[in-house]
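Novice: In this note's numbering, each number is its position in the sequence shown, counted from 1, plus 18.
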Amino acid sequence: MRNKGARLTSETVDEAVIEDSPEETTSLISAAEDDEDEDDFESRPWYKRPSPWWLIPTLLVSSTLSSMTMAPKVEVYNKLVCREHRPEYSSHDPPVAMPGAPQEDVVSPAPGPYIPAHPGEAEDSVELLNFVQEPYRWRPDPPTSALNGGVKSPSALCRADPVVQAEVAKISTAMTTLMGLLAVLTTGYWSSKSDVWGRTRILAISIAGVLVTDANFLLVAHATDYLPGGYRFLVVGPVIDGLVGGMPTATAAAHAYVGDSTPPEARGRMFSLYAGLIFTGIGLGPSLGSLLIRYTDDLLSVFYLTTLGHILYAVAITLIIPESLSMAARKRIAKRNEMRKRAHREEEEEISRLRVGPRGAVLNAWRYVRPLFGFLSPLQLFAPVKATPGQAGYAIGKRDWNLTFMATCYGVAGLMIGLYTLKFQYAQKTFGWDAQRLGYWLSMVGVVRAFHLVVILPLILKYLRPKPEQAIALPVESSEPLQSSSNGVTGSPPPTADAGRAARAEAVKQYQHSPRFDLYVARASIGIEFLCEVGQASAPGPLSWTIATLFGAFGGGYSPAMQSLALGLLKNEDETGRLFGAMSVMSALCTQVMGPAIFGTLFAFTVGFFPKMVFVAACVCAGTALLCLFCIRIPKPVPLPVVVVAPPHGSNGSPIVLEGEPARRIIEGEPPRGRTMSRGNVRVKVTV
Numbered sequence: 019m020r021n022k023g024a025r026l027t028s029e030t031v032d033e034a035v036i037e038d039s040p041e042e043t044t045s046l047i048s049a050a051e052d053d054e055d056e057d058d059f060e061s062r063p064w065y066k067r068p069s070p071w072w073l074i075p076t077l078l079v080s081s082t083l084s085s086m087t088m089a090p091k092v093e094v095y096n097k098l099v100c101r102e103h104r105p106e107y108s109s110h111d112p113p114v115a116m117p118g119a120p121q122e123d124v125v126s127p128a129p130g131p132y133i134p135a136h137p138g139e140a141e142d143s144v145e146l147l148n149f150v151q152e153p154y155r156w157r158p159d160p161p162t163s164a165l166n167g168g169v170k171s172p173s174a175l176c177r178a179d180p181v182v183q184a185e186v187a188k189i190s191t192a193m194t195t196l197m198g199l200l201a202v203l204t205t206g207y208w209s210s211k212s213d214v215w216g217r218t219r220i221l222a223i224s225i226a227g228v229l230v231t232d233a234n235f236l237l238v239a240h241a242t243d244y245l246p247g248g249y250r251f252l253v254v255g256p257v258i259d260g261l262v263g264g265m266p267t268a269t270a271a272a273h274a275y276v277g278d279s280t281p282p283e284a285r286g287r288m289f290s291l292y293a294g295l296i297f298t299g300i301g302l303g304p305s306l307g308s309l310l311i312r313y314t315d316d317l318l319s320v321f322y323l324t325t326l327g328h329i330l331y332a333v334a335i336t337l338i339i340p341e342s343l344s345m346a347a348r349k350r351i352a353k354r355n356e357m358r359k360r361a362h363r364e365e366e367e368e369i370s371r372l373r374v375g376p377r378g379a380v381l382n383a384w385r386y387v388r389p390l391f392g393f394l395s396p397l398q399l400f401a402p403v404k405a406t407p408g409q410a411g412y413a414i415g416k417r418d419w420n421l422t423f424m425a426t427c428y429g430v431a432g433l434m435i436g437l438y439t440l441k442f443q444y445a446q447k448t449f450g451w452d453a454q455r456l457g458y459w460l461s462m463v464g465v466v467r468a469f470h471l472v473v474i475l476p477l478i479l480k481y482l483r484p485k486p487e488q489a490i491a492l493p494v495e496s497s498e499p500l501q502s503s504s505n506g507v508t509g510s511p512p513p514t515a516d517a518g519r520a521a522r523a524e525a526v527k528q529y530q531h532s533p534r535f536d537l538y539v540a541r542a543s544i545g546i547e548f549l550c551e552v553g554q555a556s557a558p559g560p561l562s563w564t565i566a567t568l569f570g571a572f573g574g575g576y577s578p579a580m581q582s583l584a585l586g587l588l589k590n591e592d593e594t595g596r597l598f599g600a601m602s603v604m605s606a607l608c609t610q611v612m613g614p615a616i617f618g619t620l621f622a623f624t625v626g627f628f629p630k631m632v633f634v635a636a637c638v639c640a641g642t643a644l645l646c647l648f649c650i651r652i653p654k655p656v657p658l659p660v661v662v663v664a665p666p667h668g669s670n671g672s673p674i675v676l677e678g679e680p681a682r683r684i685i686e687g688e689p690p691r692g693r694t695m696s697r698g699n700v701r702v703k704v705t706v
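1. Pull up the distance between the alpha-carbon of THR642 and that of TYR428, whole angstroms please.
2. Is there at least one Cβ from chain B nearer than 8 Å to LEU221's Cβ?
3. Are ILE544 and LEU644 closer than 8 Å when you measure CB to CB?
4. Take THR477 as the anchor and find which of TYR244, GLY327, THR609, GLY575 has the nearest alpha-carbon.
5. Under 8 Å between the Cβ atoms of LEU196 and VAL253?
6. Within the same chain, show all residues whose beta-carbon is closer than 6 Å to that of LEU200, passing over the 5 residues directly before and after it, in chain order.
7. According to the neighbour-count rule (16 or more other Cβ atoms, all chains shown, within 10 Å of its Cβ), is ASP243 buried or exposed?
8. Within 8 Å, do at least three Cβ pairs link the region 577-589 to the region 548-564?
9. Compare the Cα-Cα distances from LEU302 to each of LYS630, THR609, MET462, LEU98 and report the closest residue.
10. From ARG71 to VAL632, what distance separates their C-alpha atoms?
11. Hey, LEU78 and GLY327: beta-carbon distance below 8 Å or not?
12. So the candidates are THR194, PRO105, PHE572, LEU537; which of them puts its Cα closest to the Cα of GLU551?
13. Work out the CA separation of VAL202 and PHE400 for me, nearest whole Å.
14. Please go through the same chain and pick out, in chain order, the residues whose beta-carbon is closer than 7 Å to the beta-carbon of GLY570, but skip the five residues on each side of it.
15. Which of the three DSSP states is assigned to ALA115 in this structure?
16. So is GLN443 buried or exposed if we call it buried at 16+ other beta carbons inside 10 Å?
17. How many angstroms separate the CA atom of ILE329 from the CA atom of LEU229?
18. Here's a check: name, in chain order, each residue in its chain whose Cβ is nearer than 8 Å to the Cβ of LEU245, leaving out the five neighbours to either side.
19. With 16 as the cutoff for other CB atoms within 10 Å, does PHE648 come out buried or exposed?
20. Inspect the CB distances between the region 263-283 and the region 422-439 and report whether three or more fall short of 8 Å.
21. Helix, strand or coil, according to DSSP, for VAL603 in the structure here?
22. Rounded to whole angstroms, what is the Cα-Cα separation between SER224 and ARG417?
23. Using a 10 Å radius around the Cβ and a threshold of 16 neighbouring Cβ atoms, would you call PRO81 buried or exposed?
24. Look at the alpha carbon of LEU568 and the alpha carbon of LEU83, and state the distance between them as a whole number of angstroms.
25. Taking 7 Å as the line, does the beta carbon of LEU310 fall inside it for any heavy atom of the ligand ATP?
26. Could you spell out where the alpha helix (DSSP H) holding THR642 opens and where it closes?
27. First and last residue of the alpha helix (DSSP H) that includes ARG534?
28. What residues in its chain sit with their C-beta under 7 Å from that of CYS637, if we drop five residues either side in the sequence?
29. Taking the beta carbon of VAL333 as the centre, do at least 16 other beta carbons fall within 10 Å, making it buried, or is it exposed?
30. So, are the CB atoms of ALA187 and VAL625 less than 8 Å apart?
31. Buried or exposed: SER61, going by 16 or more other Cβ atoms within 10 Å of its Cβ?
32. Compare the C-alpha of THR205 against each of LYS447, GLN610, CYS639 and name the closest.
33. Per DSSP, which residues does ARG217 bridge with? Please list them.
34. Does DSSP classify ASP315 as helix, strand or coil?
35. Considering only residues of the same chain and omitting the five flanking positions on each side of ASN234, which have a CB-CB separation below 6 Å?
36. Here's a check: name, in chain order, each residue in its chain whose Cβ is nearer than 7 Å to the Cβ of ILE339, leaving out the five neighbours to either side.
Now the structure itself:
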């Protein structure tokens, strides 16, 4: 029943609408709408019912297609930038010979058909490619004898030129930073709209941004001379993609769809499958892309296939995959949001009337500016707090910095994600790798990381995590009467209940979770990452550098360990959602905005004289993150006793489980204090 005539406030709206338990709240929405919400899907045929299996299989395809373009995209950037900043590499002069240069594919440097100086060279010139008219043709490395000792093709010259690599780093950094910054600002808006518009509509909007990015990339690749800014027109696609939320919004909507259409007991398995398919696609995509480029002799073939896959995905999201949020639920959420907005406006208007003078003007101005920084408000959770009296490991009045150090470590380590794409450029410039070799390397790293996360890390967590302690059961035999004037517990158990109580006592275990083991896993993972960056910075050749990157894949346990550690450090379990929201904001800021900007700018300025500088900076980040982890203070866990108190003889009551301080006093025989607790027909005096 609706309440009419009462003034709405934020508190009354929350009390009337937000509560989900029908026993504890009176909802403003009628029960008929709830029935409609449930029956909306049951009356549909199977192909119109939402299910995670509609969406989860597409993850493997989408992650595979996206990873196919990672290495070729850097190669296209090289060609676009080289045409503008190093046009001499595509002149009519013959290929340039560089002593000691790696053997590369041979292409024609001329903007037209290459005309040999001697007729005898005509047959050989047929095999040469046109660098400008066919800039995206690909050929495998020719035999060594055809290169006459170190003759470098225009493509190889572009990959080795520091000016070209600096400009590529600038444009890729600008694209990543712009998209990440806009995604951070818009993800909250689009994610909230998925509760009103539906999950599939938000997914369709996200894939529309991806399609615009794909079309813009192909447009620049083919018509860069006719676009304003030339290759810089590439930033248009990421800007549009960021405005519609980018990858964070798509991921949030996909998680919401899976959560809506999956029973609570099966959600963990589905989310695990979700992550496993993503890593599988990342491992398969680069190799498949390399094979496709080799088969078609066209560097853009992977982009055509990816665009086609995104079009089919958009059609499936729009026309085939059913919505997981019913119309009744969307109407209910929309009505709830409208009531909140109205109550908030009424409160703001009442408060604004009390603000007078210069201070009131400032407060009124801040009222309109504050929403712009609303996405940063969850980070307040990471501020140091005063330790509570008696908190183990801390003196009274001191501050608990554990969450602060954890968040600092999480953010600093996230900065290193910005180095990921720069590794492609480093390998191209230093080792002369083409898109095919980069694809094979990326697949190896993805497969090793997926194997570690799916097989090795779960085994480590299963067999090395400390086991919970067994509970203490009193009594377990009929000959052990529970009568003690010192502990205040009286009664003796009936013989017929011995087996049941013993089974109950056997099932009671000490599950007090300590984040200490999670901290050890996080330290080990960050330590492996630190050694990986040291190995990359000191690697003399491609083999040692590849081994270092493969070794770094075993540091993938850092992220799940940090999430579990954060939960263990959280004092209030009711703030779990707020905690993960704050970690998501921190991750987006560091991995999509700050990390690419810092490492991209550093690589652009140092690629000409010391390209390994980015790995040195990554060593500093990993070392700082490891130092923050060593600053976290976790008191040594003290096992809490558990006592199972049997009911009096002849009663039908169930045993009472006492934990912690009450159990300790019973075991040590201290005098009883406290109040009397009842459990069925049993009355036991225990300390609370």
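Ideal Cβ placement from N, Cα and C applies to all residues, glycine included.
Specialist: To lay it out plainly:
1. As a position in the sequence shown, residue 642 is number 624, starting the count at 1. As a position in the sequence shown, residue 428 is number 410, starting the count at 1. Taking the straight line joining both Cα atoms gives about 11 Å.
2. The question asks about chain B, but that chain is absent: this structure has only one protein chain.
3. For the purposes of this step, residue 544 is taken as residue 526 along the sequence shown, with counting starting at 1. For the purposes of this step, residue 644 is taken as residue 626 along the sequence shown, with counting starting at 1. Note that the C-beta distance between ILE544 and LEU644 is below 8 Å.
4. By 1-based counting over the sequence shown, the position of residue 477 is 459. For the record, residue 477 in the displayed sequence is Leu; it is not Thr. LEU477 has its Cα closest to that of GLY575, out of TYR244, GLY327, THR609, GLY575.
5. Taking the sequence shown and counting its residues from 1, one reaches residue 196 at position 178. Taking the sequence shown and counting its residues from 1, one reaches residue 253 at position 235. Yes, these two residues count as a Cβ contact at 8 Å.
6. On the sequence shown, position 182 is the one that residue 200 refers to. These residues qualify, in order along the chain: GLY260, LEU261.
7. Counting from one through the sequence shown, the residue named residue 243 turns up at place 225. It counts as exposed.
8. no
9. Residue mapping note: residue 302 aligns to position 284 of the sequence shown, counting from 1. Looking at the Cα atoms, MET462 is the closest of the given residues.
10. For the purposes of this step, residue 71 is taken as residue 53 along the sequence shown, with counting starting at 1. For the purposes of this step, residue 632 is taken as residue 614 along the sequence shown, with counting starting at 1. For the record, residue 71 in the displayed sequence is Trp; it is not Arg. Looking at the two C-alpha atoms, the distance is approximately 42 Å.
11. Here residue 78 is taken as the residue at index 60 of the sequence shown, counted from 1. Here residue 327 is taken as the residue at index 309 of the sequence shown, counted from 1. No, Cβ-Cβ distance for LEU78 and GLY327 is not below 8 Å.
12. Translated into positions along the sequence shown, residue 551 becomes position 533. The shortest Cα separation from GLU551 among THR194, PRO105, PHE572, LEU537 belongs to PHE572.
13. The residue you call residue 400 lines up with position 382 of the sequence shown. The residue you call residue 202 lines up with position 184 of the sequence shown. Looking at the two C-alpha atoms, the distance is approximately 19 Å.
14. Start at 1 with the first residue of the sequence shown, and residue 570 comes out as number 552. If we look at GLY570 and ignore the five residues flanking it on each side, its Cβ neighbours are ILE546, GLU547, CYS550.
15. For this step, residue 115 is matched to residue 97 along the sequence shown. Any answer about ALA115 is weak, because its pLDDT of 40 lies below 50 and its placement is not dependable; what the coordinates show is given next. Note: ALA115 maps to strand in three-state DSSP.
16. Walking along the sequence shown from the start, residue 443 turns up at place 425. The residue in question, GLN443, is buried, as its Cβ has 16 or more Cβ neighbours within 10 Å.
17. Along the sequence shown, one-based indexing puts residue 329 at 311. Along the sequence shown, one-based indexing puts residue 229 at 211. Looking at the two C-alpha atoms, the distance is approximately 7 Å.
18. Residue numbering aside, residue 245 sits at position 227 when the sequence shown is read from its first letter. Taken in chain order, the residues that qualify are LEU237, VAL238, PHE251.
19. Taking the sequence shown and counting its residues from 1, the one referred to as residue 648 is at position 630. Label assigned to PHE648: exposed.
20. The answer is no - the region 422-439 does not touch the region 263-283, with fewer than three Cβ pairs under 8 Å.
21. One-based indexing of the sequence shown puts residue 603 at position 585. It is helical.
22. Mapped onto the sequence shown, residue 224 falls at position 206. Mapped onto the sequence shown, residue 417 falls at position 399. Cα to Cα, SER224 sits roughly 43 Å from ARG417.
23. Residue mapping note: residue 81 aligns to position 63 of the sequence shown, counting from 1. It is worth fixing the name first, because residue 81 is Ser in this sequence and not Pro. Burial call: buried.
24. Sequence index remark: in the sequence shown, residue 568 carries index 550 (1-based). Sequence index remark: in the sequence shown, residue 83 carries index 65 (1-based). Within the model, the alpha-carbon separation for LEU568 versus LEU83 is close to 22 Å.
25. With respect to the ligand ATP, the structure shown offers nothing to examine, as it has no ligands at all.
26. For this step, residue 642 is matched to residue 624 along the sequence shown. Segment 631-648, the alpha helix (DSSP H) holding THR642.
27. Within the sequence shown, numbered from 1, the residue matching residue 534 stands at position 516. That run of the alpha helix (DSSP H) goes 534-556.
28. Working through the sequence shown from its first residue, we reach residue 637 at position 619. Only PHE548, GLU551, VAL552, ALA555 meet the Cβ criterion.
29. Within the sequence shown, residue 333 is the residue found at index 315, counting from 1. When all chains shown are included, VAL333 counts as exposed.
30. By one-based count along the sequence shown, residue 187 stands at place 169. By one-based count along the sequence shown, residue 625 stands at place 607. The criterion of a C-beta distance shorter than 8 Å is satisfied by ALA187 and VAL625.
31. Working through the sequence shown from its first residue, we reach residue 61 at position 43. When all chains shown are included, SER61 counts as exposed.
32. Position 187 of the sequence shown, counted from the first residue, corresponds to residue 205. Answer by Cα proximity: GLN610.
33. Here the question's residue 217 lines up with position 199 in the sequence shown. Paired residue(s): none; ARG217 is not in a bridge.
34. Here residue 315 corresponds to residue number 297 of the sequence shown, with the count starting at 1. Here ASP315 sits in coil by DSSP.
35. Reading the sequence shown from its first residue, position 216 is the one you call residue 234. Counting only Cβ-Cβ distances below 6 Å, and skipping sequence neighbours, we find VAL254, GLY255.
36. Counting from one through the sequence shown, the residue named residue 339 turns up at place 321. Cβ neighbours of ILE339 beyond the five flanking positions: TRP72, LEU73, THR218.
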